[in-house]
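Heads up: the structure comes next, in structure tokens.
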Amino acid sequence: MTSKLNGIKLFAETGCDYLSSQFKKTLYCVSFRTPNWGDYLNKVLIEKITGANVHIVHINYLKKNWLNNLYKNKKCFTAIGSIMHYVPEDAFVWGTGCVYYSAKLAINPKKVLSVRGPMTATVLNNSGIDCPALYGDPALLFGKYIDNKHLHNKEIKIGIIPHMSEQEMAVVKKLSEFDEVKIINIEDDFYSVIEQVSKCEIILSSSLHGLMLADILEIPNTWVRFRDDFPGDGFKFNDYYSSIKNCKEMDLKPYFFSEQDNLNNDLQAALISSEVHGHHLDLGELEGVFVNHLESIGAL
Numbered sequence: 565m566t567s568k569l570n571g572i573k574l575f576a577e578t579g580c581d582y583l584s585s586q587f588k589k590t591l592y593c594v595s596f597r598t599p600n601w602g603d604y605l606n607k608v609l610i611e612k613i614t615g616a617n618v619h620i621v622h623i624n625y626l627k628k629n630w631l632n633n634l635y636k637n638k639k640c641f642t643a644i645g646s647i648m649h650y651v652p653e654d655a656f657v658w659g660t661g662c663v664y665y666s667a668k669l670a671i672n673p674k675k676v677l678s679v680r681g682p683m684t685a686t687v688l689n690n691s692g693i694d695c696p697a698l699y700g701d702p703a704l705l706f707g708k709y710i711d712n713k714h715l716h717n718k719e720i721k722i723g724i725i726p727h728m729s730e731q732e733m734a735v736v737k738k739l740s741e742f743d744e745v746k747i748i749n750i751e752d753d754f755y756s757v758i759e760q761v762s763k764c765e766i767i768l769s770s771s772l773h774g775l776m777l778a779d780i781l782e783i784p785n786t787w788v789r790f791r792d793d794f795p796g797d798g799f800k801f802n803d804y805y806s807s808i809k810n811c812k813e814m815d816l817k818p819y820f821f822s823e824q825d826n827l828n829n830d831l832q833a834a835l836i837s838s839e840v841h842g843h844h845l846d847l848g849e850l851e852g853v854f855v856n857h858l859e860s861i862g863a864l
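Position in the sequence shown counted from 1, then plus 564, gives you my numbering.
Listed below in structure tokens is the structure:
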């Protein structure tokens, strides 16, 4: 049964749907089991692409020997997320990225199908890991599964999506007091996040997948930051931008909200640089290499 929430397709299970799901194959995707929108997208997107059940294997589970044994003979893989440094041995990689530059990665993936961007590819190649020149965050594929015909009713001037570690910062709370601003929690209900973002005229985000969602929905957006000590110092953002801009690497900087006293000026300056980031990635090839590999190893 299909229902809609402001134009977003939702899928409610009937008794027959539930029964049929018991006979589907199960795929094992290694990620963080958090309510973070980008992490949960792994399950939603891959189930839509493959029609299989997707079981999220928490990265921390694989560090515990007795739990690791449960997945020892499973065909595990990584997909959306900056978790390349955590890829388990014998897992395959599809569209995953690094969170920071590393001179050498101590991982041994079974196969790399694609990576998020060329900067991640450089890290893998420098580590002696074979990596094809196929780039793109799989999150971008989600655009084909959103019915956005009804997602153009703009009720919010500025949506701000802080990284999940920045939600409680004083500067974020101060920004929430502006009449034209709505703070969007990236850990809210998955479809609610899409609905909230779709109602915004402009998105300012320190969350990478908040920026990607804005690009998918064709909403002008700006990469911002609310603190100095951000993991990776922007590597994953530049990895994404280098993939969609078709260049080897980039060194873009976020707009930094530094002082609460000048928030109105900071806000206006950040808005000026907002844009929709188009791309020339072959998303059909990106999806195809994933499905074809799953079929070749008997996972589908």
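From the three backbone atoms N, C-alpha and C, an ideal C-beta is built for every residue, glycine too.
Remember, it's a predicted structure, so these values are computed and weren't measured experimentally.
Nearest-angstrom Cβ-Cβ length linking residue i and residue j, presumed shorter than 8 Å
i      : j      : result
Val663 : Pro795 : 6 Å
Leu777 : Trp787 : 13 Å between Cβ atoms; not a contact.
Asn606 : Ala643 : 5 Å
Gly659 : Gly700 : 6 Å
Val608 : Phe754 : 6 Å
Ser691 : Lys668 : 5 Å
Glu765 : Ile710 : Between Ile710 and Glu765 the Cβ distance is about 18 Å, and since that is not below 8 Å, they are no contact.
C-alpha gap between residue i and residue j, whole angstroms
i      : j      : result
Lys636 : Val761 : 39 Å
Tyr604 : Val736 : 24 Å
Leu688 : Lys639 : 21 Å
Asn717 : Asn785 : 17 Å
Glu744 : His619 : 40 Å
Pro652 : Tyr665 : 19 Å
Ser807 : His844 : 9 Å
Arg791 : Lys738 : 14 Å
Gln824 : Ser770 : 17 Å
Glu849 : Glu741 : 44 Å
Asp752 : Ile725 : 11 Å
Bridge-paired residues (DSSP) for residue i
i      : result
Phe596 : Its beta-bridge partners do not exist; DSSP assigns none.
Tyr819 : Val788
Ile767 : Gly723, Asn785
Cys640 : Tyr592
Ser678 : Trp658
Glu865 : It is not possible to answer for residue 865, since the shown part of the chain is limited to 565 through 864.
Other residues of its chain near residue i: CB distance less than 6 Å, five sequence neighbours each side excluded
i      : result
Pro818 : Trp787, Val788, Arg789
Neighbour-count burial assignment, residue i, 16 or more Cβ in a 10 Å radius
i      : result
Thr684 : buried
Tyr805 : buried
Ile647 : buried
Contacts around residue i, its chain only, beta-carbon distance under 8 Å, and the 5 residues preceding and following it disregarded
i      : result
Leu816 : Trp787, Gly798, Phe801, Asn802, Tyr805
Cys811 : Pro682
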